[in-house]
Amino acid sequence: MDEVERVHAQLCAQREHVLGIVDGLDEQDVRRPVLPSGWSCLGLVNHLALDDERFWFPLVVAGEPELVATFDPGLDAWDVGDEPATVVLERYREQCARADAVIAATAADAPPRWWPGDLFGGFRLADLRAVLLHVLVETATHAGHLDAARELLDGRQRLVLDRGRAAGTAEGVTRSAAGPPAPGPGAACARCGRR
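This is the structure:
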């Protein structure tokens, strides 16, 4: 497995974390802001779909002409209006699959085919490798935000290392009803099968 495959596998794991942490939230809770900044879990997932997966891979890396022609830097991806959660979550899955296709078709050292110079000033990511790492960090960061929001919404915790504080734990690790943790290094992505 090369470095791009390793980073991509970790991105796939974080994507699954994002979907897992919002799984089971009802329409009201998935839209309810719990932090002073005012974002909702559903808005954050839509942000990841449009501002990360779609923006960085099909638009920046691949330079897909229809996306370049319709790019709107003023789009507020955090605002999902009254779209049902199922629609937003499916959009995220679709954009992840679209991004995966771009990743599979692009060399690690290929420079972006399009760059929004006016949007970022002098900042520039050099190649697919840098974009992939950037999106991994962004996704992992937001997965952590979702973890905190979910705990505030209904108390659910994904994986807790409680250092022995909970009675009856094995080696200080407790599991919530959230299901298994994200796959570790070398594990295949549940959605795309990549390692």
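Using UniProt numbering, the letters of the sequence shown correspond one by one to residues 1 to 195.
Positions of the beta carbon are idealized from the N, C-alpha and C atoms, including for glycine.
For residue i, three-class secondary structure by DSSP
i, result
"Val173", "Unreliable positioning characterises Val173 in this predicted model, as indicated by a pLDDT of 39, which lies under 50. The coordinate reading is nonetheless provided below. Of the three classes helix, strand and coil, the one that applies to Val173 here is strand, per DSSP."
"Leu59", "helix"
"Leu119", "helix"
"Leu159", "strand"
"Leu25", "coil"
"Gly43", "helix"
"Glu64", "coil"
"Gly20", "helix"
"Asp2", "coil"
"Val30", "helix"
CB contact flag (residue i, residue j, <8 Å)
i, j, result
"residue 196", "Val61", "Missing from the structure shown is residue 196; the chain here goes from 1 to 195 and no further."
"Val22", "Val45", "yes"
"Arg32", "Leu153", "yes"
"Ala77", "Leu42", "no"
"Arg93", "Pro58", "no"
"Leu48", "Thr139", "yes"
"Leu128", "Ala108", "yes"
"Leu11", "Val135", "yes"
"Val34", "Ala143", "no"
"Arg124", "Trp114", "no"
Cut-off 7 Å between Cβ atoms - residues of its own chain near residue i, not counting five sequence neighbours on either side
i, result
"Leu119", "Pro73"
"Leu133", "Val7"
"Thr141", "none"
Span of the alpha helix (DSSP H), counted from its first residue to its last, around residue i
i, result
"Arg113", "Premise fails: Arg113 is in no alpha helix (DSSP H) and is neither H nor E."
"Asp147", "Leu128 to Asp154"
"Pro73", "Note, Pro73: premise wrong, no alpha helix (DSSP H); not H, not E."
"Asp100", "Ala85 to Ala105"
Distance, residue j Cα to residue i Cα
i, j, result
"Asp29", "Asp52", "23 Å"
"Gly24", "Arg156", "10 Å"
"Ala126", "Gln95", "22 Å"
"Pro112", "Trp56", "9 Å"
"Gly81", "Ser40", "11 Å"
"Asp2", "Ala13", "17 Å"
"Asp79", "Arg158", "26 Å"
"Pro65", "Ile103", "17 Å"
Chain-order list of residues whose beta-carbon lies under 6 Å from that of residue i (same chain, five-residue window excluded)
i, result
"Phe71", "none"
"Arg91", "Ala49"
Residues near residue i by beta carbon distance below 8 Å, same chain, minus five either side
i, result
"Ala110", "Val61, Asp127 and Leu128"
"Glu27", "Pro84 and Ala85"
"Arg54", "Leu67, Gln95, Arg98 and Ala99"
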